[in-house]
């Protein structure tokens, strides 16, 4: 088991694991709307299958919300 951080929570995962697999395992809500950072670098959606996670990686799932004036 390898240890990675997902949204600042320590998680044990089996490697090899790519970003798409982590998203599926994490049951991410609206994966088509999520942006992902790996070690503070935004991951391009088309690269998710090719991004192999490794021990100690920090992954953040981010949702950007729009707003308006009140």
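Residue numbers (the working numbering): 7 to 76.
Cβ coordinates follow ideal geometry from the N, Cα and C atoms, glycine included.
Note that the coordinates shown come from a computational prediction; the quantities given were computed from them, not determined experimentally.
For residue i, the three-state DSSP class (helix, strand or coil)
i, result
"residue 15", "strand"
"residue 45", "coil"
"residue 68", "strand"
"residue 29", "helix"
"residue 20", "coil"
Rounded C-alpha distance that separates residue i from residue j
i, j, result
"residue 13", "residue 31", "14 Å"
"residue 63", "residue 7", "13 Å"
"residue 10", "residue 70", "23 Å"
Whole-number beta carbon distance between residue j and residue i, since they are thought to touch under 8 Å
i, j, result
"residue 21", "residue 57", "Between residue 57 and residue 21 the Cβ distance is about 13 Å, and since that is not below 8 Å, they are no contact."
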